[in-house]
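Visitor: Right, I'll just put the structure down here and ask away after.
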Amino acid sequence: MEPIVLRRASKSYGDRTVLKDISLTFPPDATTAIIGPSGSGKSTLLQLMNGLIRPDDGEILVLGKEIDYDSLPSLRKQIGYAVQGTGLFPHLTVEQNITLLAVLANQSDGEIARRISELMTLVNLPTDYRDKYPHQLSGGEQQRVGLCRAMMLDPRIFLLDEPFAALDPITRAEIHAEFLKLQEIAARTMVLVTHDLREAMKLADRIVILNEGQIEQVGRPQDIMRQPASHFVKKFVHLQLHDEIRT
Amino acid sequence: MALGIHPERTPIRVASKPFNESYILAEIMAQLLETRGYSVERRLGLGATMISYEALKNDEIDVYPEYSGTIQEAIFRLKGRRSFSSLQDFLSKQTKLELLPSFGFENTYVLAARADLAKEKKLHAISDLVGQTGIRYGLTHEYLQRGDGWPALAAHYGLSANPVGMEHSLSYKAIAEGQIDVLDAYSTDAEILKYDLVLLRDDKGFFPHYLAAPFVRQGVPADVKKVLGELAGTLSEKEMQRLNALVISEGKTFAEAAEDFLQSQKALSSPKARPADSKWVTLARKTGDHLRLTLVALVLATLVALPLGIITYLKPSVANPVLYSTGLLQTVPSLALLAFMIAPFGTGTRPALIALTLYALLPILRNTYTALNSIDPVLKKVSVGMGLTTWQRLRYIELPLGAPTILAGIRTAAVITVGTATLAAFIGAGGLGEYIQTGLALNDPQLIMWGAVPAALLAFAMEFGFEALEKLLVPRHLLQRRNG
Numbered sequence: 000m001e002p003i004v005l006r007r008a009s010k011s012y013g014d015r016t017v018l019k020d021i022s023l024t025f026p027p028d029a030t031t032a033i034i035g036p037s038g039s040g041k042s043t044l045l046q047l048m049n050g051l052i053r054p055d056d057g058e059i060l061v062l063g064k065e066i067d068y069d070s071l072p073s074l075r076k077q078i079g080y081a082v083q084g085t086g087l088f089p090h091l092t093v094e095q096n097i098t099l100l101a102v103l104a105n106q107s108d109g110e111i112a113r114r115i116s117e118l119m120t121l122v123n124l125p126t127d128y129r130d131k132y133p134h135q136l137s138g139g140e141q142q143r144v145g146l147c148r149a150m151m152l153d154p155r156i157f158l159l160d161e162p163f164a165a166l167d168p169i170t171r172a173e174i175h176a177e178f179l180k181l182q183e184i185a186a187r188t189m190v191l192v193t194h195d196l197r198e199a200m201k202l203a204d205r206i207v208i209l210n211e212g213q214i215e216q217v218g219r220p221q222d223i224m225r226q227p228a229s230h231f232v233k234k235f236v237h238l239q240l241h242d243e244i245r246t
Numbered sequence: 000m001a002l003g004i005h006p007e008r009t010p011i012r013v014a015s016k017p018f019n020e021s022y023i024l025a026e027i028m029a030q031l032l033e034t035r036g037y038s039v040e041r042r043l044g045l046g047a048t049m050i051s052y053e054a055l056k057n058d059e060i061d062v063y064p065e066y067s068g069t070i071q072e073a074i075f076r077l078k079g080r081r082s083f084s085s086l087q088d089f090l091s092k093q094t095k096l097e098l099l100p101s102f103g104f105e106n107t108y109v110l111a112a113r114a115d116l117a118k119e120k121k122l123h124a125i126s127d128l129v130g131q132t133g134i135r136y137g138l139t140h141e142y143l144q145r146g147d148g149w150p151a152l153a154a155h156y157g158l159s160a161n162p163v164g165m166e167h168s169l170s171y172k173a174i175a176e177g178q179i180d181v182l183d184a185y186s187t188d189a190e191i192l193k194y195d196l197v198l199l200r201d202d203k204g205f206f207p208h209y210l211a212a213p214f215v216r217q218g219v220p221a222d223v224k225k226v227l228g229e230l231a232g233t234l235s236e237k238e239m240q241r242l243n244a245l246v247i248s249e250g251k252t253f254a255e256a257a258e259d260f261l262q263s264q265k266a267l268s269s270p271k272a273r274p275a276d277s278k279w280v281t282l283a284r285k286t287g288d289h290l291r292l293t294l295v296a297l298v299l300a301t302l303v304a305l306p307l308g309i310i311t312y313l314k315p316s317v318a319n320p321v322l323y324s325t326g327l328l329q330t331v332p333s334l335a336l337l338a339f340m341i342a343p344f345g346t347g348t349r350p351a352l353i354a355l356t357l358y359a360l361l362p363i364l365r366n367t368y369t370a371l372n373s374i375d376p377v378l379k380k381v382s383v384g385m386g387l388t389t390w391q392r393l394r395y396i397e398l399p400l401g402a403p404t405i406l407a408g409i410r411t412a413a414v415i416t417v418g419t420a421t422l423a424a425f426i427g428a429g430g431l432g433e434y435i436q437t438g439l440a441l442n443d444p445q446l447i448m449w450g451a452v453p454a455a456l457l458a459f460a461m462e463f464g465f466e467a468l469e470k471l472l473v474p475r476h477l478l479q480r481r482n483g
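Taken in order, these protein sequences are the chains called A and B.
Under numbering that gives the first Met the number 0, the first residue of the first sequence carries the number 0, and numbering increases by one thereafter.
Under numbering that gives the first Met the number 0, the first residue of the second sequence carries the number 0, and numbering increases by one thereafter.
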């Protein structure tokens, strides 16, 4: 069963069309990157999948069912959500941030303690960071905490909205490595929105290229490189990958 | 039967208006009743005629000293000249109230002028004022508003002038310093002698008689009325002036003046009244009352405004109506609000608390609304996106994040309420406002300070208390970020 299916989804704001007639499926337990220039609608597309945005037309099926807009919280608790800038709650400690959903789900203390320990080790965060506050951590550390938080309830689906964009290149490279490791250990359905084609190439099994609300191409990274489907894709790839430092 | 306590009886509630003579007459009635064995509850200093009348009508008090002219013209607006007995008749038949026989003196409105001016312009009667230019009138606010007050007087005599409204006790100061020329006075005022003023005769017979008498509810027991009736005809105008002067010029308390009078009347004399509490005990008691009023009102206001603020956040469509109408409450003059409260709620603590709570709503409401709407949109998006329900978001994310601002709103409300609570005295709810009110009535700045200074200290205490509370409830880094 495909975890996420979009059928002819459209969204406009006033007379500005953001997404036009999008039909997409996402392969289970694999990483799909959604990429495109700013204003292409990629963030909107992502937010259709957890109901933060409602489409004007079309259907969206998550985990086999159409989204029930009257019980979004229970759907969302099955989806891990991470955003740019992490959105860690400043008034809660690292531990409280990560375990919030588990506490609300009335899991036992032992279970919670075990899980957070497991997660922090997985992302290389020292466990004695638990009592620190977000503002005491570096950007990279905060992003890792954000990932732990998203993973706490062990969701099958993750929606990631440019989560690594604000990191410096070195930290980003480290996190990329951890991301790939995590997928290797226990693969999940990942939908990653990014503006960085190199990142997409590195992390994703499949890439969706979006431009002005429409799909330009869907395919594996090597296919996109070798057989660009349109002039736009060709230019886009060229700009992103061959924008080297002038020597 | 003469000297015995009646334990099964509820206390007789004796009230007064907030001026010298009213306090003294009320004390005389109260002490007389007490020596006859009744227990008395004093509700002195009710803010205005309308407040004391409404309190009597609504069975909140049993008796207070009133004047026949005030009953006829200000309260019931009756046409024509009524004799005292026809007024008593009217009250017995058409209301549930009763006017007992007069104490024996009249305290009527007079216009008084500076002696030197009166000599210069040959002013002996009110008619002599007609046609004069440049005469500055300083009249009490109540007099300017009353149907039987300035507007009618000016019309009756053909006077044209623009009087300035002022507090009665302040107008004497003003005339002494030459800032005004004519003021409205009461014929038994001690200040008339003190400031060397000339009373202008009411030669066109404008003013009705103002005989002072106990104004009671018909429902008051007959034996109580009989005791009060013993005061009939015992006080002459001169005697009342003397008693007034005891307080104003010689610094005696109202209770002492009343005692002086009762002692001088052999037929009414009583054993020495019980000693009053020391100054400091009274201060402690009033401060305690004040603090209690403030805190209860604050808690009530928080219990109402906090949920209301959350509702305006969850349903933005109601935000404006709710915020505007709460703001509107702030603009209602406090004394007016208190007067409106009497009919439904009576006098004393209940209406005072309701008024104080209403005034404390806006800062809390507005701060709650602002706090919740100022949350970082990224945080809001994440908390929604990760699947927290509305209640979970409020409880774990939004309210904690908004706590500094919300606490600041409650803090503001606390300080405001300490100040507004001084008005509670005007409706008989006690507190530090009683010093201020009596001080105003007696033109005694020191007495005013006894109320104002502790109130200011209470406000400081509130500030410190809230600062400590903030440190306790909010993680330090959130406070610092706000202030730094």
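Built from N, CA and C at the ideal position, the CB exists for glycine as well.
Is it the case that the region 197-208 of chain B contacts the region 111-122 of chain B, given that we only count it when at least three CB pairs across the two stretches are under 8 Å?
Guide: yes
Visitor: Determine, for B:Ile396, whether the minimum Cβ-Cβ distance to residues of chain A falls below 8 Å.
Guide: yes
Visitor: Run down chain B in chain order and give the residues with a C-beta less than 8 Å from the C-beta of A:His194.
Guide: Within chain B, no residue comes near A:His194; the closest Cβ sits about 18 Å away, beyond 8 Å.
Visitor: Over the uninterrupted alpha helix (DSSP H) stretch that includes B:Asp183, give me the two end residues.
Guide: No alpha helix (DSSP H) holds B:Asp183; the beta strand (DSSP E) holding it covers Val181 to Tyr185.
Visitor: Under 7 Å Cβ-Cβ, which residues of chain A neighbour B:Lys470?
Guide: Correct list: empty, because the minimum Cβ distance to chain A is about 14 Å.
Visitor: In the DSSP assignment, the beta strand (DSSP E) including B:Tyr498 goes from what residue to what residue?
Guide: Residue 498 of chain B lies beyond the residue range present for chain B, which begins at 0 and ends at 483; the question has no answer from this structure.
Visitor: Apply the 10 Å Cβ neighbour rule to B:Lys16 and answer buried if 16 or more other Cβ atoms are within range, or exposed otherwise.
Guide: B:Lys16 is buried by the Cβ-count criterion.
Visitor: Is A:Lys19 close to chain B? Criterion is C-beta to C-beta, closer than 8 Å.
Guide: no
Visitor: My parser needs the beta strand (DSSP E) runs of 3 or more residues fully inside the region 88-158 of chain A; what are they?
Guide: none
Visitor: What three-state label does DSSP hand B:Gly36 in the structure shown?
Guide: coil
Visitor: Along the chain, where does the alpha helix (DSSP H) containing B:Tyr395 start, and where does it finish?
Guide: Careful: B:Tyr395 lies outside any alpha helix (DSSP H) and carries neither H nor E.
Visitor: Suppose only complete runs of 4+ residues qualify. What are the alpha helix (DSSP H) ranges in the region 203-229 of chain B, listed by chain order?
Guide: 221-228
Visitor: Does any CB atom of chain B fall closer than 8 Å to the CB of A:Pro2?
Guide: It does not; no Cβ of chain B falls within 8 Å.
Visitor: Look up B:Arg135 in the DSSP assignment and say whether it is helix, strand or coil.
Guide: Three-state DSSP puts B:Arg135 in coil, outside helix and strand.
Visitor: Between the C-alpha atoms of A:Leu23 and A:Leu5, what's the straight-line distance to the nearest angstrom?
Guide: 5 Å
Visitor: Cβ atoms of B:Met461 and B:Ala413: under 8 Å apart, would you say?
Guide: Result yes, Cβ atoms of B:Ala413 and B:Met461 sit closer than 8 Å.
Visitor: Per DSSP, what kind of secondary structure is A:Thr246 in: helix, strand or coil?
Guide: Confidence at A:Thr246 is low in this model, with a pLDDT of 45, below 50, so the placement of that residue is unreliable and no value is reported for it.
Visitor: Under DSSP, the beta strand (DSSP E) around A:Tyr80 begins and ends at which residues?
Guide: Ile78 to Val82
Visitor: Contact between the region 31-45 of chain B and the region 215-229 of chain B is defined here as three or more beta-carbon pairs at a separation below 8 Å; is this criterion met?
Guide: Contact holds: three or more Cβ-Cβ distances are below 8 Å.
Visitor: What runs of the beta strand (DSSP E), each 3 residues or longer, lie entirely inside the region 10-67 of chain A?
Guide: 15-25, 30-34 and 56-61
Visitor: Name the chain B residues that come within less than 7 Å of A:Leu136, Cβ to Cβ?
Guide: Correct list: empty, because the minimum Cβ distance to chain B is about 12 Å.
Visitor: Considering only their Cβ atoms, is the gap separating A:Ile184 from A:Gly79 smaller than 8 Å?
Guide: no
Visitor: Could you pull out every residue in the same chain whose Cβ sits closer than 6 Å to the Cβ of B:Leu360, ignoring the five residues on either side in sequence?
Guide: Ala300, Ala304 and Thr325
Visitor: Please go through the region 404-464 of chain B and give each complete beta strand (DSSP E) segment of 3 or more residues, from N-terminal end onward.
Guide: none
Visitor: Kindly give me the distance between the Cβ atoms of B:Glu65 and B:Ala212, rounded to whole angstroms, as I take these residues to be in contact under 8 Å.
Guide: 7 Å
Visitor: Counting beta carbon pairs with one atom in the region 40-54 of chain A and one in the region 95-106 of chain A, are three or more of them shorter than 8 Å?
Guide: no
Visitor: Going along the chain, which residues of its own chain have a beta-carbon closer than 8 Å to the beta-carbon of B:Glu232, five neighbours each way excluded?
Guide: Here residue 232 of chain B is Gly; the residue named in the question, Glu, does not match the sequence. So the list reads Pro100, Ser101, Phe102 and Gly103, once near-sequence residues are dropped.
Visitor: According to a CB-to-CB cut-off of less than 9 Å, which residues of the region 72-90 of chain A neighbour chain B?
Guide: Pro72, Ser73, Leu74, Arg75, Lys76, Gln77, Ile78, Gly79, Tyr80, Ala81, Val82, Gln83, Gly84, Thr85, Gly86, Leu87, Phe88, Pro89 and His90
Visitor: Considering just the uninterrupted stretch of the alpha helix (DSSP H) at B:Gln501, what are its terminal residues?
Guide: An answer regarding residue 501 of chain B cannot be provided, because it is not within the stretch 0 to 483 covered by chain B.
Visitor: Is the region 378-391 of chain B in contact with the region 426-437 of chain B, if contact means three or more CB pairs nearer than 8 Å?
Guide: no
Visitor: To which residues of the same chain is B:Phe18 closer than 6 Å at the C-beta, ignoring the five residues directly before and after it?
Guide: Ala440
Visitor: Looking at chain B, which residues of the region 93-114 of chain A have a Cβ within less than 7 Å of any of its Cβ atoms?
Guide: Of all residues in the region 93-114 of chain A, Leu99, Leu100 and Leu103 have a Cβ within less than 7 Å of some Cβ in chain B.
Visitor: Cα separation between B:Leu471 and B:Leu292?
Guide: 25 Å
Visitor: Is the CB of A:Tyr132 under 8 Å away from at least one CB in chain B?
Guide: yes
Visitor: Give me, in chain order, the residues of the same chain whose beta-carbon lies closer than 6 Å to that of A:Glu177; leave out the 5 immediate sequence neighbours on both sides.
Guide: Val122
Visitor: Could you give the distance in angstroms between the alpha-carbon of B:Trp149 and the alpha-carbon of B:Asp288?
Guide: 39 Å
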